[in-house]
Amino acid sequence: MAKQLNLLSGGQIVPTALHQEMQQSYLEYAMSVIVGRALPDVRDGLKPVHRRIIYAMHELGLTPERPYRKCARVVGDVLGKYHPHGDQSVYDALVRLVQDFSSRYPLLAGHGNFGSIDNDPPAAMRYTETRLAELGNQALLSEIGTATVDFTGNFDNSQQEPVVLPAQLPILLLNGSSGIAVGMATNIPPHNLGELVDGLIALIDRPTLSDDKLLELIPGPDFPTGGEIVGIQGIRDAYLKGRGSITVRGVVSVETVQTGKTRRSQRPALIVSEFPFQVSKSGWIEKLAQLVNQGKLDGISDIRDESDRSGIRVVIELKREASPQKVLKQIYRLTALQNTFGVIMLSLVDNQPRQLSLRDTLQAFLDFREQTLTRQYQDELHKLESRLHLLSGLLKALDHLDAVIDILRHAPDGTTAKVQFQSRLDFSEEQANAILAMPMRRLTGMERDKLKAEFEDLSQRRQVLQRLLGDRHELLKSLKKELRQLKRKFADERRTRIVTADGTVKSEAVQFEEAKQQPLSVSLPLDLKPQAEPTVLEITQRGYGRRLLPKNATPIEPVSPQGELLEVTEDFPLQQIPSQTDHELLMFVRDGKVYSAPVGEIAKLNGRNDRGQPLVGLLPPAAQGDPDAIVAQFVADEVLREKQVVFLTQAGRIKRLPFAEMTNITARGLTVLKFKGDDGLHGIDVAQTGQQAIVASSGGRLLRMPVDDEQLPVLGRTAQGYQAVRLRKTETIAGLSIVDDGDELVLITQRGYCKRLPVAELRLGERGAIGTQGLRFANASDRLLAIVRAIPGAELVLELNGDRLLRLPMSSVKRQGKDGTGQRPKLIKSKDTVISSRICLPTGGE
1 MAKQLNLLSG GQIVPTALHQ EMQQSYLEYA MSVIVGRALP DVRDGLKPVH
51 RRIIYAMHEL GLTPERPYRK CARVVGDVLG KYHPHGDQSV YDALVRLVQD
101 FSSRYPLLAG HGNFGSIDND PPAAMRYTET RLAELGNQAL LSEIGTATVD
151 FTGNFDNSQQ EPVVLPAQLP ILLLNGSSGI AVGMATNIPP HNLGELVDGL
201 IALIDRPTLS DDKLLELIPG PDFPTGGEIV GIQGIRDAYL KGRGSITVRG
251 VVSVETVQTG KTRRSQRPAL IVSEFPFQVS KSGWIEKLAQ LVNQGKLDGI
301 SDIRDESDRS GIRVVIELKR EASPQKVLKQ IYRLTALQNT FGVIMLSLVD
351 NQPRQLSLRD TLQAFLDFRE QTLTRQYQDE LHKLESRLHL LSGLLKALDH
401 LDAVIDILRH APDGTTAKVQ FQSRLDFSEE QANAILAMPM RRLTGMERDK
451 LKAEFEDLSQ RRQVLQRLLG DRHELLKSLK KELRQLKRKF ADERRTRIVT
501 ADGTVKSEAV QFEEAKQQPL SVSLPLDLKP QAEPTVLEIT QRGYGRRLLP
551 KNATPIEPVS PQGELLEVTE DFPLQQIPSQ TDHELLMFVR DGKVYSAPVG
601 EIAKLNGRND RGQPLVGLLP PAAQGDPDAI VAQFVADEVL REKQVVFLTQ
651 AGRIKRLPFA EMTNITARGL TVLKFKGDDG LHGIDVAQTG QQAIVASSGG
701 RLLRMPVDDE QLPVLGRTAQ GYQAVRLRKT ETIAGLSIVD DGDELVLITQ
751 RGYCKRLPVA ELRLGERGAI GTQGLRFANA SDRLLAIVRA IPGAELVLEL
801 NGDRLLRLPM SSVKRQGKDG TGQRPKLIKS KDTVISSRIC LPTGGE
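Per full-length UniProt numbering, residue 1 is the first one in the sequence shown, and the count goes up by one each step.
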C-alpha cells in the first residue's frame with residue numbers, strides 16, 4: 001500500500017486567514033488589470049495591447065513606405081511574442097487604431113474592410129491588411145531604442161519589449177482613451193493636434209500660465225466625427241478637475257425638399273450631416289423609426305439615408321404642418337443625436353492610477369519628453385565621442401605615417417604592433433585597433449579629406465549636443481521646434497464646433513468668460529450696438545496690426561532715393577488704411593481659407609502697446625502654426641464689396657471670386673479655393689471687369705489676359721480654377737498682378753535685378769498660353785522672383801539673405817523694355833539673394 005503524503009510535516013504550509021488571502025489576491029488581480037490591460041500610461045497614452053501591436057509592427061518593418069501586410073500576421077506576432085491573450089481582443093484593438101471614425105488621428109493605416117460608422121463589423125483578419133500610419137511611425141517609433149526608453153522581458157522572458165514608447169506627441173489627449181478596470185474607469189476624449197501643440201508650447205514658455213489662458217488655447221475636445229459641443233461649463237469641469245459631463249450633439253440643418261412636381265409638394269426636412277462621437281448611424285435611424293412607429297415622435301413623414309462617399313446625409317422629411325424646431329427638440333430629447341460624454345481623465349502615473357487635470361496631463365507628457373530627449377542626446381553624444389576618438393587616432397596616424405609604417409614593417413604580429421602604437425605614439429587601445437583595421441585606401445588624399453570633414457562635422461554636432469544637455473533652455477527650444485514641425489506636418493482643422501445652449505456659435509474666449517462670470521439675467525435693448533467710429537488700420541512689415549485715431553495717423557516716412565538696409569527684426573509701417581471700427585479685416589491664408597476679424601477688435605496704439613498685435617494671432621489656434629500663413633489681407637468696406645478677388649495657386653491655377661461671396665464668416669473660416677494634391681495659395685489681387693491679369697513664371701515669361709467672363713469667369717467658392725499659364729518643367733509661378741492699360745510692372749529676380757516694364761509691351765493673350773518673354777537674365781542661374789504693379793510714391797521692401805531688409809523707392813527702378821536685364825540696386829551685393837518682396841504704400845494708397 002502506498003504511503004500517504006504528509007503535507008504537514010515538511011513545514012511548507014503557511015496558515016492564513018481566508019479573508020486576508022482573498023483580500024490580497026483580489027488586490028493583486030485588480031492591479032494586474034489596471035496596469036496590464038485597462039488603463040493607458042500618461043506618457044505615451046497607450047494601453048499595453050496597443051503598445052505591443054505598434055511595436056510588433058515596427059519589428060516587422062511595416063513602415064508607411066512598405067507594402068501592407070495581413071492583419072493575421074500582425075496579430076500572430078503580438079500573441080506569440082508579447083500579449084498571451086485572445087486573438088480577437090488583439091484584432092479588435094488593432095481595428096480601432098485604423099478606424100478614422102474611432103481615432104481622431106489613426107496610428108495605423110488599413111487596406112480592406114475595417115468597419116463603418118454604421119457599426120458594420122470589420123472583415124476577418126485573414127482578409128484585411130495594415131501598416132503603420134505616418135503619424136504613428138514618426139510620433140511613436142522614430143526614436144525607439146534601449147537608449148531612449150526602458151525595456152523589460154516579455155511574458156516568458158524570451159524577448160524584450162518597451163515599457164513605454166518614446167512619444168513625441170501627447171497621444172493620450174490626441175486620440176483619447178476609454179477603459180474599465182476593477183473599481184475604476186477612464187474616458188478621455190480626443191483633441192485637435194494643433195491646439196494641443198499650442199498648449200504645450202505655452203506651458204513651456206510660461207509654466208505659470210493661467211488655467212483660463214490654457215483653456216483658450218485648448219477650447220475643448222475635437223471628435224473624429226465632428227458634431228457640436230453644447231456649452232462650456234462641462235469642458236471647464238473636465239479640464240480643471242479631471243472629471244465632467246460634456247453635452248454633444250449632431251449637426252442638423254433645415255432644407256426644403258421636393259416630393260413631387262407641384263409647388264405644394266415641397267416639404268421641410270431636417271438634414272443630419274454629423275453624428276456625435278461613437279453613435280452608430282444605422283442604429284440611430286432604426287431607433288428613430290421605432291419612435292415614429294410607436295407614436296412617441298410626431299411630425300415625421302419619412303426617413304432616408306442618402307449618405308455616400310462624400311459624407312453623411314440623413315434626410316428626415318417632415319409633415320407640412322410640422323415645426324422643424326419642435327421636432328428637432330424632440331429628437332434631441334429622445335435619441336442619441338444629443339447625449340452626454342462623461343469625461344474621466346484617469347491614467348497611469350508611475351504605475352499608479354491618478355485622475356489628472358488637463359494641465360497635469362500636459363505637464364506629465366512634457367516631463368517625459370524632456371527625459372526622453374535627454375537620454376537620446378546623451379546616448380548620441382557618447383557614440384559621437386567614441387567615433388571622434390577613433391577619428392582623431394586615424395588622423396594622427398596619417399600625420400605620423402612613416403612611424404606607423406615602420407612599426408608595422410618590423411612588428412612580428414598585430415599584438416606587438418598594437419603595443420608599440422600605444423607606447424611609442426601614445427595611441428589608446430581603441431585607436432590602435434582602428435589603425436590596424438584601416439584599409440590601405442584610407443591613405444589616399446581624398447580619403448584623408450573625408451576623415452577630416454567627418455571629424456569637423458562631428459565636432460560641430462558635439463558642441464550642439466553639449467549645449468543642449470548643459471542648458472535646459474536650449475533643450476526646451478529644441479523640444480518646441482520639434483513640436484512645431486509635427487504641427488506643420490500633421491495638424492488639421494477642428495471638426496467639432498462649440499456652441500451655446502441656443503445653438504449660436506461664439507468664440508471660445510467669450511464662452512469661457514461667460515462661464516466664469518455667470519452674468520446677471522438683465523434684458524438689454526437689442527439696438528444697444530456700439531456705434532462705428534472712424535479709425536486708421538496700420539499694417540507693419542513684421543505682420544503686426546494696430547489702430548490709430550485719424551488725427552494721430554502721421555504719414556509713413558519715405559526712404560532716401562538710394563534706399564536703406566535694415567535688420568529683418570526692425571519693424572515699420574507698410575500700409576495705412578482709413579476704415580471704420582465696424583468694418584471687417586479679411587485674412588486669406590495659404591490653405592485656401594479666409595478668416596475675418598472686426599477692425600474695432602484690433603489693438604489700439606497707445607503708450608503701453610506701441611507694436612499692436614500679430615495679425616496671425618487673429619486666426620484660430622489651429623491656423624496659427626505658420627507665422628507666414630497670411631498671404632494677403634483687405635479691409636472689407638462698401639467699395640471692396642463691389643469688386644472681385646483673383647487667386648493664383650503655386651501650381652498656376654487662377655480663379656476669380658466676388659468679395660460679396662465672403663460674408664457670414666465663422667470662427668472656422670470660409671473655404672474660398674480648393675486645391676489638388678499639395679498645391680497652395682501663392683498670390684491674391686483685387687480686380688474689376690475691364691482690367692487685365694498678368695501671371696509671371698520664374699523663367700521670366702509674362703501672360704497678359706483680360707479680366708472678363710471668357711478668360712477669367714467668376715467661379716464658386718469651392719472651385720479649383722483654371723490653369724493660367726503653361727509652365728515648363730523647371731519653372732514655378734513667380735507672381736500675379738492686376739493692371740490697367742497704362743500701368744507699369746516692377747520685375748524682381750532672385751539675384752536682385754529690378755526693372756520697370758510698361759504693360760503695353762506685353763501682347764494680350766489667352767488663358768493657358770505660354771506668354772511673352774518679359775526679361776532677359778544677366779545670369780543663367782537667375783530666376784524671376786516676383787512682379788508688382790508700379791505705384792507712384794510706393795517702395796519695394798526686399799528681404800535679403802543674412803536677415804536683412806532693403807527699402808527701395810519704386811521710382812529709383814529704371815524703365816526698360818522686354819529685352820532688358822534690369823539693374824541691381826547699389827546696396828545689393830553680387831553674392832546677395834532676394835528671398836521675398838513686399839510693397840510699402842503711401843498713406844491712403846491703393
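Virtual Cβ for every residue (Gly too), placed ideally from N, Cα, C.
Counting C-beta pairs with one atom in each stretch, the segment 316-323 and the segment 267-287 have three or more that are closer than 8 Å, which means they touch. As computed with DSSP, tyrosine 595 is found in a beta bridge with Met587.
Beta-bridge annotation (DSSP): aspartate 305 is paired with Val314. The continuous alpha helix (DSSP H) containing asparagine 433 extends over residues 429-437. By the criterion of a C-beta distance shorter than 6 Å, leucine 566 is surrounded in its chain by Leu805, once the five residues flanking it on both sides are discounted. Scanning Leu736, Gly110, Arg717 for the CA closest to the CA of alanine 724 turns up Leu736. Assignment of tyrosine 239 by DSSP, reduced to helix, strand and coil, places it in the helix class. About 19 Å separates the CB atoms of threonine 361 and valine 149; that is not less than 8 Å, and the two are not in contact. With respect to proline 598, valine 536 sits apart: the two C-beta atoms are not nearer than 7 Å. Note on geometry: alpha-carbon atoms of isoleucine 602 and proline 573 lie some 16 Å from one another. Arginine 807 has Glu564, Val797 as its beta-bridge partners, per DSSP. Comparing C-alpha distances from histidine 50 to each of Lys755, Val98, His19, Gln23 shows the shortest one belongs to Val98. Counted as a single uninterrupted DSSP element, the alpha helix (DSSP H) harbouring isoleucine 405 occupies residues 401-410. The alpha-carbon of lysine 452 is positioned some 12 Å away from that of leucine 390. In this chain, the beta strand (DSSP E) harbouring aspartate 685 covers 681-687.
Three or more beta-carbon pairs drawn from the segment 144-158 and the segment 81-101 are found closer than 8 Å, and the two stretches are therefore classed as touching. Arginine 728 sits exposed, since fewer than 16 C-beta atoms from the chains shown fall within 10 Å of its C-beta. In the DSSP annotation of this structure, the continuous segment of the beta strand (DSSP E) that includes lysine 655 starts and ends at 653-658.
Short of 8 Å from the beta carbon of leucine 132, and not among the five residues preceding or following it, lie these beta carbons of its own chain, in chain order: Ile54, Met57, His58, Leu62, Thr63, Pro64, Leu107, Leu108, Ala109, Leu141.
Within a 10 Å sphere around the beta-carbon of threonine 340 sit fewer than 16 other beta-carbons, which makes this residue exposed. With a cut-off of 8 Å on Cβ pairs, the segment 743-758 is not in contact with the segment 672-679, counting fewer than three such pairs. Around the Cβ of proline 221, a 10 Å sphere holds 16 or more other Cβ atoms; the residue is buried. Looking at Ala794, Gln691, Ala687, Arg824, the one whose alpha-carbon comes closest to that of lysine 755 is Arg824. Between the C-alpha atoms of proline 809 and leucine 798 there is a straight-line separation of about 11 Å. Cβ-Cβ separation between valine 559 and arginine 807: approximately 4 Å, consistent with a contact (criterion under 8 Å).
The beta strand (DSSP E) runs lying completely inside the segment 115-174 and spanning 3 residues or more are 129-132, 151-153, 160-162, given in chain order.
Comparing alpha carbon positions, the residue from Gly234, Glu557, Gly822, Asp44 closest to leucine 215 is Gly234. DSSP, read as helix, strand or coil, puts methionine 184 in coil.
For arginine 767, DSSP assigns no beta-bridge partner whatsoever.
Nearest Cα to isoleucine 229 within the set Asp237, Arg249, Lys241: Arg249. Taking the CA atoms as reference points, glycine 765 sits about 28 Å from arginine 590.
Contact between isoleucine 435 and phenylalanine 421 holds: their C-beta atoms lie close to 6 Å from each other, under 8 Å. Listed as beta-bridge partners of phenylalanine 777 by DSSP are no residues whatsoever. When secondary structure is reduced to three states using DSSP, phenylalanine 365 falls in the helix class. In the DSSP assignment, glutamine 258 is bridged to Gln266. In the three-state DSSP reduction, glutamate 447 falls in the helix class (H, G or I).
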